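Quick note, in our numbering, the sequence shown goes up one by one and the last residue is 205.
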Amino acid sequence: MNHAHTIKEQIAATSYLINQVAQSEEIINTASQIADEIIASLEDGGKIIFAGNGGSAADSQHLAAEFVSKLCTDRNPLPGIAITTDTSAITAIGNDYGYEQIFARQLQAIGKSGDIFFAITTSGNSKNIIEAIKVAKKMGIKVIGLTGATGGAIANMCDYIIKIPSPDTAKVQECHIMIGHIICMIVENFYLAKENHIELQSVGA
Numbered sequence: 001m002n003h004a005h006t007i008k009e010q011i012a013a014t015s016y017l018i019n020q021v022a023q024s025e026e027i028i029n030t031a032s033q034i035a036d037e038i039i040a041s042l043e044d045g046g047k048i049i050f051a052g053n054g055g056s057a058a059d060s061q062h063l064a065a066e067f068v069s070k071l072c073t074d075r076n077p078l079p080g081i082a083i084t085t086d087t088s089a090i091t092a093i094g095n096d097y098g099y100e101q102i103f104a105r106q107l108q109a110i111g112k113s114g115d116i117f118f119a120i121t122t123s124g125n126s127k128n129i130i131e132a133i134k135v136a137k138k139m140g141i142k143v144i145g146l147t148g149a150t151g152g153a154i155a156n157m158c159d160y161i162i163k164i165p166s167p168d169t170a171k172v173q174e175c176h177i178m179i180g181h182i183i184c185m186i187v188e189n190f191y192l193a194k195e196n197h198i199e200l201q202s203v204g205a
């Protein structure tokens, strides 16, 4: 079978959505502010914590890995943690306290004031993400929301929110990882410049 039409159609749909995102001043400005908040948190000893369900759990792990390892260029590691990976903790919490608490309880255990929490949910209605946001707000952890078209229940719960203008889960996730990469790149560039400045000072000394 020839699937060329379907492939081209899907690529065109993704391209159209990316163009919408690129033309959204709200999304561009919010992404810039998020990058600045992450830098401020890291400079103050904070860390970046990610959570999501399903594909968004995979995105959480992907983005955390970019911070800890690198995105484009060698630099010092940055503290990014996905609380979607520990099956023992997740199943213990789910069994003892309910699935809605699997992220909230981990956040209570490892989070602190000044950290950043990335709440990734295409619908904006994931109950375990909502519960984690409630905990984050109580702990003084700033919340970054990555959602779909309406923002769902978390739309008014986040300090910053990026709503991808589409109801298509797969397309929203594609844009989430794109935005995440761009934010990580901005942060990475800041630390590369900082490391280079320190090296230049050492040479000058």
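The beta carbon of each residue, even a glycine, is placed where N, CA and C say it ideally should be. This structure is a prediction, so every number in the text was calculated from the model and none was measured.
For residue i, the nearest candidate out of the options (CA to CA)
i           : options           : result
residue 15  : 172, 188, 81, 48  : 172
residue 53  : 118, 13, 159      : 118
residue 86  : 25, 175, 110      : 110
residue 48  : 55, 21, 136       : 136
residue 55  : 33, 197, 182, 175 : 175
residue 24  : 8, 11, 165, 191   : 165
residue 191 : 73, 19, 159, 8    : 73
residue 114 : 94, 79, 126, 93   : 79
Counterpart residues of residue i in DSSP-defined beta bridges
i           : result
residue 146 : 120, 162
Residue i versus residue j: straight-line alpha-carbon distance, rounded
i           : j           : result
residue 152 : residue 134 : 15 Å
residue 5   : residue 13  : 12 Å
residue 150 : residue 75  : 37 Å
residue 38  : residue 157 : 18 Å
residue 44  : residue 195 : 17 Å
residue 28  : residue 21  : 8 Å
residue 96  : residue 46  : 29 Å
residue 99  : residue 1   : 42 Å
residue 26  : residue 168 : 20 Å
residue 132 : residue 7   : 37 Å
residue 94  : residue 126 : 15 Å
Under 8 Å between C-beta atoms of residue i and residue j
i           : j           : result
residue 184 : residue 103 : no
residue 41  : residue 51  : no
residue 112 : residue 139 : yes
residue 106 : residue 83  : yes
residue 188 : residue 71  : yes
residue 144 : residue 179 : no
residue 129 : residue 122 : no
residue 177 : residue 62  : yes
residue 170 : residue 161 : no
residue 58  : residue 81  : no
residue 124 : residue 147 : yes
residue 182 : residue 31  : yes
residue 35  : residue 186 : yes
Length at least 4, wholly inside the segment 43 to 123: the alpha helix (DSSP H) runs in chain order: 55 to 68, 87 to 97, 104 to 110
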